[in-house]
Amino acid sequence: MKKTPLYDEHLRLNGKIVEFAGWQMPVQYSGVVAEHVAVRERVGLFDVSHMGEIWVTGPNAEKALDYMTCNKVTSLYDGKAHYSAILNERGGVVDDIIVYRGSQERFLICVNASNADKDFEWLTKHNPTDAKIVNASAEYGQIAVQGPKAIELVTPLVTGADLSTLKYFHFVECEILDSPVIVARTGYTGEDGVEIFVKAEKTVEVWRLLLENGAVQGVLPCGLGARDSLRLEAALPLHGHELSEDITALESGLGWIVKFDKGDFIGKEALLTQQAAVLPKKLVGFYLDEAGIARQGDTVATPEGTQIGVVASGTKTPTVNKALGMAFVETPYAALDTKITFVVRGRAIAGHVVPLPFYKRSK
Amino acid sequence: MEFPSEYKYTKDHEWVRVEGDVAVVGITEFAQSELGDLVFVDLPLVGKSVATHQTLCVVESTKAASDVYSPLAGTVAERNDALADDPGLINRTPYTEGWIVKLSGVSHAEIAGLMSAEEYKNLVTK
Chain A
48 MKKTPLYDEH LRLNGKIVEF AGWQMPVQYS GVVAEHVAVR ERVGLFDVSH
98 MGEIWVTGPN AEKALDYMTC NKVTSLYDGK AHYSAILNER GGVVDDIIVY
148 RGSQERFLIC VNASNADKDF EWLTKHNPTD AKIVNASAEY GQIAVQGPKA
198 IELVTPLVTG ADLSTLKYFH FVECEILDSP VIVARTGYTG EDGVEIFVKA
248 EKTVEVWRLL LENGAVQGVL PCGLGARDSL RLEAALPLHG HELSEDITAL
298 ESGLGWIVKF DKGDFIGKEA LLTQQAAVLP KKLVGFYLDE AGIARQGDTV
348 ATPEGTQIGV VASGTKTPTV NKALGMAFVE TPYAALDTKI TFVVRGRAIA
398 GHVVPLPFYK RSK
Chain B
73 MEFPSEYKYT KDHEWVRVEG DVAVVGITEF AQSELGDLVF VDLPLVGKSV
123 ATHQTLCVVE STKAASDVYS PLAGTVAERN DALADDPGLI NRTPYTEGWI
173 VKLSGVSHAE IAGLMSAEEY KNLVTK
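Chains as they are written, first to last, in the working numbering: chain A, 48 to 410; chain B, 73 to 198.
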């Protein structure tokens with residue numbers, strides 16, 4: 048079982064450790080609800096060092112990535128990042144990723160912990176050029192600072208950049224505690240904030256600095272539990288739930304990052320064919336109208352009892368304070384307000400289709 | 073962590089308190105701390121007969137649903153409907169306001185066979 052550089056910090060902070068994707072990670076410290084609320088109202092710190100970092104470099108780096116990912120890499124510029132995905136030939140999602148352009152010959156990809164090794168092998172195998180692909184995951188720790196007070200907390204700790212003017216999905220290479228870091232204005236919570244890539248051996252110092260300085264803002268260390276409830280309220284997909292190699296990017300609602308107007312890319316043909324037809328199923332949001340919680344794997348049915356889908360993610364979340372989730376349903380049942388039921392422990396619970404996301408921050 | 077001495081316990085982390093003819097049932101402080109913040113409790117219907125170790129109700133955190141097993145055979149005489157609005161009662165006051173059901177028709181011999189506070193404390197703290 049792998050440990051991040053912050054493992055001992057989690058123990059010191061009374062984090063409850065669970066196994067996640069082969070890593071020993073904190074699921075919570077003070078409590079999922081308190082941590083969730085801290086991120087919505089103030090600021091929270093997450094250890095996301097388990098995420099993978101892969102560098103793609105060389106004169107053909109842009110060309111290689113444009114073929115192996117579905118978003119348009121040529122639309123990036125230095126210091127700009129975008130959300131994208133690695134697709135298979137069927138249009139299924141090998142992984143969802145963020146691509147950061149340092150320069151036209153130097154790209155960083157941040158990938159899911161559970162897929163990091165698979166992604167690296169996939170990219171290496173499908174690389175159409177001589178671009179250099181390096182799995183640098185072990186060299187980096189990663190800390191997400193999320194919440195309305197995140198920028199206020201991090202800005203004075205950074206030298207060589209002004210974070211207050213850093214735009215969403217942009218990043219800067221700068222320094223914290225005299226050590227090089229990459230600070231990106233991205234996140235997985237639906238709040239403002241940054242994700243900081245830091246040298247593995249410097250991660251503890253930066254974590255402590257953020258925790259100590261964040262006392263003013265009321266910072267809380269937050270675990271995977273709050274990360275999951277926050278991302279679900281913001282309707283951000285999670286690979287293994289909303290995304291899978293056997294579900295196409297279009298079915299998962301990722302059409303907005305699939306750029307058919309660029310050159311050839313893996314999965315393009317399959318998705319073009321699917322786009323020309325009617326999607327068999329769609330990812331929708333739902334609320335339950337009766338007491339209960341529908342979770343991943345629970346059957347979705349019509350009120351008459353015909354099976355029409357399956358729940359991808361579901362829980363009752365702290366801010367929205369309703370039982371909610373995302374589910375795949377056959378396309379005729381995907382319209383807003385459609386009455387659907389959920390089979391939970393053998394009992395049918397009524398619900399209906401709602402727009403996504405469940406939560407949107409006020410700007 | 074508290075282990076009220078007048079209560080009886082199970083290895084599955086339920087507690088029992090005798091109150092006249094009925095047995096009040098809940099989950100222990102250890103159990104609630106393991107489960108984390110509860111957001112929903114699926115309570116049984118009043119009048120339901122339960123066998124020992126049968127699922128009595130389901131408690132759910134944001135992350136997972138967990139079964140609570142009946143520590144005794146009996147009939148659900150009353151349920152704590154306050155948990156519908158505030159499942160966190162189990163987290164905050166597991167031994168008092170966080171009670172789950174009251175069982176009638178229970179066997180005092182069966183209650184006597186449950187773990188003492190001392191035995192349960194040894195189970196979870198060793």
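All C-beta atoms, glycine included, are put in the ideal place defined by N, C-alpha and C.
Pull up the CB-CB distance for Leu319 of chain A and Glu298 of chain A, whole angstroms please, since I reckon it's below 8 Å.
Walking along the first sequence from the start, residue 319 of chain A turns up at place 272. Walking along the first sequence from the start, residue 298 of chain A turns up at place 251. At roughly 14 Å, the Cβ-Cβ gap does not stay under 8 Å, so Leu319 of chain A and Glu298 of chain A are not in contact.
Check whether chain A comes within 9 Å of Asn163 of chain B, counting only Cβ atoms and requiring the distance to be less than that.
One-based indexing of the second sequence puts residue 163 of chain B at position 91. So yes, Asn163 of chain B belongs to the interface.
Tell me which residues of the segment 107 to 131 of chain B have at least one Cβ-Cβ distance to chain A shorter than 8 Å, keeping chain order.
Gly108, Asp109, Val111, Phe112, Asp114, Val130
Is it right to say Glu242 of chain A is buried, meaning 16 or more other beta carbons lie within 10 angstroms of its own, or is it exposed?
Residue 242 of chain A sits at position 195 when you count from the first residue of the first sequence. Glu242 of chain A should be labelled buried.
Using a Cβ-Cβ cut-off of 9 Å, state whether Pro73 of chain A counts as contacting chain B.
On the first sequence, position 26 is the one that residue 73 of chain A refers to. No, no contact with chain B.
Which full runs of the alpha helix (DSSP H) of 4+ residues lie inside the segment 240 to 304 of chain A, going along the chain?
250 to 260, 271 to 280
Using a threshold of 8 Å, is the CB atom of Ala178 of chain A nearer than that to any non-hydrogen atom of the ligand FMN?
This structure does not include the ligand FMN; it has no bound ligands of any sort.
Taking the beta strand (DSSP E) that Tyr334 of chain A falls in, what are its first and last residues?
As a first step, residue 334 of chain A must be located in the first sequence, where it is residue number 287. That run of the beta strand (DSSP E) goes 328 to 335.
Chain A residues whose Cβ lies nearer than 9 Å to that of Ala103 of chain B
Residue 103 of chain B sits at position 31 when you count from the first residue of the second sequence. Those do not exist, as Ala103 of chain B stays about 14 Å from chain A at its closest Cβ, beyond 9 Å.
Tell me the rounded alpha-carbon separation between Ala374 of chain A and Tyr406 of chain A.
By 1-based counting over the first sequence, the position of residue 374 of chain A is 327. By 1-based counting over the first sequence, the position of residue 406 of chain A is 359. Distance between the alpha carbons of Ala374 of chain A and Tyr406 of chain A is about 17 Å.
Tell me which residues share the same chain as Leu403 of chain A and place their Cβ nearer than 6 Å to its Cβ, disregarding the 5 neighbours each side in the sequence.
Numbered from 1 along the first sequence, position 356 holds the residue referred to as residue 403 of chain A. Closer than 6 Å at the Cβ level, and outside the excluded window around Leu403 of chain A, lie Ala282, Gly332.
Assign Lys127 of chain A to one of three DSSP states: helix, strand, or coil.
Along the first sequence, one-based indexing puts residue 127 of chain A at 80. Of the three classes helix, strand and coil, the one that applies to Lys127 of chain A here is strand, per DSSP.
Euclidean distance between Cα positions of Gly356 of chain A and Ala338 of chain A:
Within the first sequence, residue 356 of chain A is the residue found at index 309, counting from 1. Within the first sequence, residue 338 of chain A is the residue found at index 291, counting from 1. Each residue's alpha carbon lies about 20 Å from the other.
Exposure label - Met115 of chain A; buried when at least 16 CB within 10 Å:
As a working mapping, residue 115 of chain A is identified with position 68 in the first sequence. Buried.
Does Ala197 of chain B have its Cβ less than 9 Å from a Cβ in chain A?
Translated into the one-based positions of the second sequence, residue 197 of chain B becomes position 125. The amino acid at residue 197 of chain B is misidentified as Ala; the sequence shows Thr. By this cut-off, Thr197 of chain B is not an interface position.
Which partner residues does His217 of chain A have in the DSSP bridge list?
Counting from 1 along the first sequence, the entry for residue 217 of chain A is found at position 170. Note: His217 of chain A sits in a beta bridge opposite A:Lys127.
Short of 6 Å in beta carbon distance, which residues of its chain neighbour Asp94 of chain A, apart from the five on each side in sequence? Order them along the chain.
As a position in the first sequence, residue 94 of chain A is number 47, starting the count at 1. Thr51, Leu53.
Look at the Cβ atom of Cys117 of chain A, then the Cβ atom of Lys306 of chain A, and state whether they are nearer than 9 Å.
If you number the first sequence from 1, residue 117 of chain A lands on position 70. If you number the first sequence from 1, residue 306 of chain A lands on position 259. Yes, Cβ-Cβ distance for Cys117 of chain A and Lys306 of chain A is below 9 Å.
Would you say Thr412 of chain A lies against chain B (beta-carbon separation less than 9 Å)?
Since the first and last residues shown for chain A are 48 and 410, residue 412 of chain A lies out of range.
State the Cα-Cα distance for the pair Arg87 of chain A and Ser96 of chain A, rounded to the nearest angstrom.
Residue 87 of chain A sits at position 40 when you count from the first residue of the first sequence. Residue 96 of chain A sits at position 49 when you count from the first residue of the first sequence. Their Cα atoms are separated by approximately 22 Å.
Measuring CA to CA, which of A:Arg137, A:Arg148, A:Val65, A:Pro106 is closest to Ser291 of chain A?
If you number the first sequence from 1, residue 291 of chain A lands on position 244. It is A:Arg137.
For Thr362 of chain A and Val400 of chain A, the rounded distance between their alpha carbons:
Residue mapping note: residue 400 of chain A aligns to position 353 of the first sequence, counting from 1. Residue mapping note: residue 362 of chain A aligns to position 315 of the first sequence, counting from 1. Using only the alpha carbons, I get a separation of about 15 Å.
7 Å CB neighbourhood of Pro106 of chain A in its chain, flanking five on each side removed:
Start at 1 with the first residue of the first sequence, and residue 106 of chain A comes out as number 59. The answer, listed in chain order, is Glu152.
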